[in-house]
Ligand SMILES: Nc1nc2c(ncn2[C@@H]2O[C@H](COP(=O)(O)OP(=O)(O)OP(=O)(O)O)[C@@H](O)[C@H]2O)c(=O)[nH]1
Ligand SMILES: [Mg+2]
């Protein structure tokens, strides 16, 4: 049975009545906040025509991923029945009792569209990635609104396709029966974006600031890494042409051969067909295909209750093979932009940037898309560097600098962490004109300098010996008064003058201490705190004299 904490679908991009988009930032944050900052993330997204079983497939993905969390080495097909004999998760067929409908992406039969906007599963799955040397990466599942639903404008349809392509590391393009020229044409819209990114050879020096500059931006990563998108897979539904459906490996080979034929350029005379194919393959790092047979007539009925047994056995076998292939460690690539594996913080910013770009429901120019990517990359580099610096400094002295750190040590920490923060910046900001990158770099250094000032001020406020000169004069008066009073205690009982002087000295001593006490309550508190820290350090074997000497030298400096 599914449990409430197994997750639910969350809408991350909503389509509005005005045929535009709205970004559900909190929903995305809810998903991404469950992933640690240093973890890579794979985004598997399914796009394609409406009513072709995308959400149904994703609900099976969820079953498999949940099952393999508990039984990672099981190679049987038991996962299909893992949550019962029926696929209730997401099952929205009318009249069907599905108590666990919310534990899947909503699917149903009929001609009316089901999914609108873009949805993400609320829980990331943590799986091994061979590409990451066997380390765990977070896997996110994305469901999208179907294309050509007779309600959505073509522009909005293309935008959904575009956003999905931009944010995913593995895009599954669901197509019916075969890969048509139409399917390829849709992909070609993005190849223009890829071409702009890959072919520019100018370094952007001396370019104009407004728009044009970024469009000529030069990705400065290795040529190999400049392919803008990663894995594209055509998933052909209701495939009818397998020669021997019992031999799954052979089925896989047959679809490979089919795709090789479809994408072949050499065999095509027409220029537009050739360029479409060339552009697609230059845009994606890998393009593959797989096919599933028809799931059986019972499955497509509006009253289908999700029975696994009612599904065609060949469909089940192929589905089992396919799910394992998609989530195998060899196929889980971390999401990368122009060859750079992005962090959770960067993913958030990219999704935000792209939603904004497509917000009006108009498909943007390839150059505009590239410009937005460059801008987001620079912003990501700036933010990541600042976060790196803050994390490093916080480790040294705590976010609120609760205790005093010796200035030499703090200086060293600043030098080290600012250097490594700028290293992060340089690693990320490698696309776009050199001038823009240099500008953002300078802004980042400025932001770090501002933070450094803040850490220094907070630390200096924790220095217990600060403003010590304010106590020296009253302290000396009090001390002299104490000494004189000590001698005046020996006054002869006949000397009124001596007794008066003694009383006055006593009064002066009390007044001075009262003055120091009232005006410096906070300082006493700090001295007390600092004293405990020093005591701790002494007991930890640190050299007390060294600490006091450096504190005194800072006092002299100030
Ligand atoms: N022909 C066919 N139907 C399928 C397949 N897989 C699922 N279905 C059925 O297709 C219907 C639609 O399924 P959904 O998952 O809601 O389809 P979708 O593509 O998400 O639809 P939209 O959200 O409206 O775009 C359901 O009745 C499924 O049972 C398949 O491989 N072939
Ligand atoms: Mg759907």
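Numbering (our numbering), first residue to last: 1 to 558. Beta carbons are placed, not taken as given, at the ideal position from N, Cα and C, and that holds for glycine.
Secondary structure in the region 254-306: the alpha helix (DSSP H) runs of 4 residues or longer, each lying completely within the stretch, are 271-283 in chain order. Bounds of any beta strand (DSSP E) do not take in residue 20, whose DSSP letter is neither H nor E. The three-state reading of DSSP puts residue 313 in helix, counting H, G and I together. Unbroken alpha helix (DSSP H) runs of no fewer than 4 residues, entirely contained in the region 328-381, are found at 344-358, following chain order. Environment of ligand 1, chain-ordered: 50, 51, 52, 53, 54, 55, 56, 107, 108, 109, 113, 114, 115, 146, 237, 238, 292, 294, 295, 299, 300 and 304, taking every residue with Cβ within less than 6 angstroms of a heavy atom. For the set 38, 49 and 160, the Cα lying nearest the Cα of residue 21 is the one of 160.
Residue 141 has 44 as its beta-bridge partners, per DSSP. Taking a C-beta distance under 8 angstroms as the contact criterion, residue 230 and residue 333 qualify as a contact pair.
At least 8 angstroms separates the beta-carbon of residue 234 from that of residue 322. Of the candidates 15, 27 and 61, the residue whose Cα lies closest to the Cα of residue 316 is 61. Of the other Cβ atoms in all chains shown, fewer than 16 fall within 10 Å of the Cβ of residue 411; this residue is therefore exposed. Within the same chain, Cβ atoms closer than 6 angstroms to the Cβ of residue 105 are found at 9, 55, 58, 59, 90 and 143, the five residues on either side in sequence being excluded. Contact between the region 132-150 and the region 40-49 is present: three or more C-beta pairs spanning the two stretches fall below 8 angstroms. For residue 88, the three-state secondary structure derived from DSSP is coil.
Under DSSP, residue 231 forms a beta bridge with 170 and 286.
Annotation for residue 149 indicates a beta carbon at 7 angstroms or more from all heavy atoms of ligand 2. The beta carbon of residue 36 sits closer than 6 angstroms to none of the beta carbons in its chain outside the five residues before and after it.
Ranked by Cα distance from residue 51, the first of 80, 150, 65 and 423 is 150. By the criterion of at least three beta-carbon pairs nearer than 8 angstroms, the region 422-434 is in contact with the region 372-391.
Following the DSSP letters along the chain, one finds residue 125 inside the beta strand (DSSP E) bounded by residues 125-128. When distances are taken from the beta-carbon of residue 102 to the heavy atoms of ligand 2, even the shortest one reaches 7 angstroms or more.
Residue state for residue 157 is assigned as helix, using DSSP reduced to three classes. Nearest Cα to residue 15 within the set 85, 78, 153 and 102: 153.
Remark: the shortest separation between the CB of residue 143 and any heavy atom of ligand 2 falls under 7 angstroms. Its chain contains 305, 306 and 307 as the residues whose beta carbon lies nearer than 6 angstroms to that of residue 86, once the 5 sequence neighbours on both sides are disregarded; these appear in chain order.
Beyond the five residues adjoining it in sequence on each side, residue 176 comes within less than 7 angstroms, by CB distance, of 49, 52, 237 and 238 in the same chain, given in chain order. Sequence-distant Cβ neighbours of residue 255 in its own chain, meaning closer than 8 angstroms and more than five residues away, are 236, 239, 289, 290 and 291. With 16 or more other CB atoms across the displayed protein chains lying within 10 angstroms of its CB, residue 327 is buried. According to DSSP, residue pairing for residue 9 in a beta bridge involves 121.
Here residue 146 is buried: its Cβ has 16 or more other Cβ atoms, across all protein chains shown, within 10 Å. Pairing residue 251 with residue 245 gives a Cβ-Cβ distance under 8 angstroms.
Annotation for residue 130: 329 and 330 place their beta carbon closer than 7 angstroms to its own, counting only its chain and skipping 5 residues before and after. Closest option to residue 358, judged by alpha-carbon separation, among 128, 163 and 366: 163. Bounds of the alpha helix (DSSP H) holding residue 452 are 434-461.
Counting along the chain, the unbroken alpha helix (DSSP H) around residue 60 starts and ends at 54-70.
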